[in-house]
Amino acid sequence: MRNCLECSEKIVGREDKKFCSDGCRNAYNNRINKDSNNFMRNINNKLRKNYRILGELNPEEKVKIPRNKMLNKGFDFEFFTNVLHTKTGNTYYFVYDYGYRELENDYFMLVKKEI
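Going by my numbering, the residue at position 11 of the sequence shown is -3; the numbering climbs one at a time, nothing skipped.
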């Protein structure tokens, strides 16, 4: 007989069952998948905020906006998920599928990558 991975109670049912109940399965997965420390949680919060801001400012998949509009919403330019260098020499910074590229005169081009 097997024991539940969360509460160690005996499991009744299918042979491959790992938990005694949905509650134990949820509790186990929540514990395993939570951010391991404040550092990771803070970075993930900043990425989520940047993602939300880019989505709000770029509803049409491509738009040109001033830097201060991004800053006023709380955008943090130090947090992004990847960088794309194009063949034409442009550099795009992405937060998942939303990206931005610096233009002249403190303007930015916001784009959305097709997934």
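Backbone N, C-alpha and C define an ideal beta-carbon position, used for all residues, glycine too. Since the structure is predicted, the reported quantities are computational estimates derived from the model, not experimental observations.
Tell me Leu70's beta-bridge partners as DSSP assigns them.
Under DSSP, Leu70 takes part in a beta bridge, and its partners are Tyr78.
Alpha carbon to alpha carbon, what distance is there between Glu90 and Asn31?
Using only the alpha carbons, I get a separation of about 30 Å.
Would Val(-2) be called buried (16 or more neighbouring beta carbons within 10 Å of its own) or exposed?
Exposed, since its Cβ has fewer than 16 Cβ neighbours within 10 Å.
CB-CB length for Lys59 against Ile39, believed under 8 Å
That belief holds up - the Cβ atoms of Lys59 and Ile39 are roughly 5 Å apart, short of 8 Å.
The stretch 2 to 9 contacting the stretch 40 to 58, beta-carbon criterion three pairs below 8 Å
Cβ pair count under 8 Å is below three, so no.
Does the distance from the C-beta atom of Tyr37 to that of Val69 stay below 9 Å?
Cβ atoms of Tyr37 and Val69: not closer than 9 Å.
Take the Cβ of Glu47 as the centre, count every other Cβ of all protein chains shown within 10 Å, and call the residue buried at 16 or more, exposed below.
Answer is exposed; the Cβ neighbour count stays below 16.
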